[in-house]
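Numbering (numbering that gives the first Met the number 0) for the sequence shown: 0 to 246.
All residues carry an ideal CB built from backbone N, CA and C; glycine is no exception.
A short worksheet on the structure shown next.
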Amino acid sequence: MLDLNGEWNLEAKAGHLAPGNALAAGAKITAGSNRPGDFITIVKDDDLSRQRILCDGSATNPCHKPIVLPAISADSARSTSPLRAMVQAALMVLLDKPPAIASHYAITLTRGKATVRELEDVAALIPAQGLVLPPASADMLAGSYTISIAQAGDQSTAIEHSGVLTSDGVWKPVPIPGPGLYEISIFTADGDQAVDLMLLVVPPETYQTTRKAFATLKERTLSWSGADARADEHLLLRSFLLAESRR
0 MLDLNGEWNL EAKAGHLAPG NALAAGAKIT AGSNRPGDFI TIVKDDDLSR
50 QRILCDGSAT NPCHKPIVLP AISADSARST SPLRAMVQAA LMVLLDKPPA
100 IASHYAITLT RGKATVRELE DVAALIPAQG LVLPPASADM LAGSYTISIA
150 QAGDQSTAIE HSGVLTSDGV WKPVPIPGPG LYEISIFTAD GDQAVDLMLL
200 VVPPETYQTT RKAFATLKER TLSWSGADAR ADEHLLLRSF LLAESRR
């Protein structure tokens with residue numbers, strides 16, 4: 000289970016559900032509070048499909064009846080695929096309510112006229128060069144920026160650097176302490192935040208494997224649609240990066 004709002008219960012079990020809880024096929028979930036705006040988001044670990052149920056207070060409110068999770072095939076139940084393992088590991092970190100993930104909920108994506116892009120990625124640290132940030136979006140103008148880099152979940156470690164984006168959309172390298180999970184904020188010369196990036200920095204020898212796994216998840220989540228699909232995508236990808244940083 001990826002995310003929820005309100006009180007949700009697993010039939011025949013005491014206590015409320017929480018993000019990261021494992022849900023078995025055939026399980027019945029009931030909306031305890033059943034208030035307009037309550038929701039639950041469920042992600043299947045075998046194919047990364049997403050189901051989001053939103054309580055709306057209408058006569059056809061889907062939360063009036065128990066939600067029954069569909070059965071899975073015998074092959075899926077026996078599967079030990081890398082995708083399934085990655086999804087399970089990503090969801091499990093949510094049980095701890097880690098500060099690095101809590102910051103995702105606090106992000107204000109619009110501040111005045113500026114739009115803050117919420118991004119996730121993996122990068123390789125080349126000691127002799129420093130860190131080259133992922134390529135900027137096409138609408139970011141070349142020029143000088145302020146780049147704040149903090150260890151994920153601990154803004155007291157934030158250090159600001161002067162950053163330069165070239166006309167080719169490539170960032171000039173910036174110093175970074177070493178491999179790890181970082182929250183990176185990029186500000187324009189006017190002081191407006193343009194980017195909120197969670198970046199997993201890994202040694203060159205593990206970059207290809209980690210980047211491929213991340214790309215696999217991102218490709219699947221891009222197909223999610225409906226209410227808050229992009230917020231759910233960011234949450235899962237950030238959970239994955241946190242899980243990888245703990246390995």
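By DSSP's assignment, Lys27 forms a beta bridge with Val67. Of all alpha-carbon atoms in Val115, Met197, Lys43 and Gln154, the one lying nearest the alpha-carbon of Thr187 is that of Val115.
For His160, the enclosing beta strand (DSSP E) begins and ends at Ile158 to Leu164. Residue state for Met0 is assigned as coil, using DSSP reduced to three classes. Taking a cut-off of 8 Å for Cβ pairs, the segment 43-50 and the segment 214-230 touch, as three or more such pairs fall below it. A straight-line Cα-Cα distance of about 26 Å links Gly179 and Met139. Annotation for Ile125: Pro203 place their beta carbon closer than 7 Å to its own, counting only its chain and skipping 5 residues before and after. Taking the C-beta atoms as reference points, Leu90 is found no nearer than 7 Å to Ala26.
Remark: C-beta atoms of Val121 and Phe239 do not approach each other more closely than 7 Å.
In this structure, DSSP gives Gln154 a helical state, which the three-state scheme calls helix.
Taking 4 residues as the minimum length, the alpha helix (DSSP H) runs contained wholly in the segment 183-242 are 203-220, in order along the chain. As computed with DSSP, Gly179 is found in a beta bridge with Val200. In this structure, DSSP gives Arg83 a helical state, which the three-state scheme calls helix. Cβ neighbours of Glu10 within its own chain (closer than 8 Å, five residues either side excluded): Ala26, Lys27, Ile28, Thr29 and Pro65. Per DSSP, the continuous beta strand (DSSP E) segment holding Leu9 begins and ends at Trp7 to Leu9. For Asp120, the enclosing beta strand (DSSP E) begins and ends at Arg116 to Ala123.
Just so you know, the alpha carbons of Ala242 and Gly36 end up roughly 29 Å apart.
According to the DSSP assignment, Thr40 belongs to the beta strand (DSSP E) that extends over Phe38 to Val42. Non-local C-beta neighbours of Leu94 in its own chain, meaning closer than 8 Å and more than five positions away in sequence, comprise Ala17, Pro18, Gly19 and Asn20, ordered along the chain. Here DSSP, grouped into helix, strand and coil, assigns Val169 to coil. Within the model, the alpha-carbon separation for Ser244 versus Leu199 is close to 7 Å.
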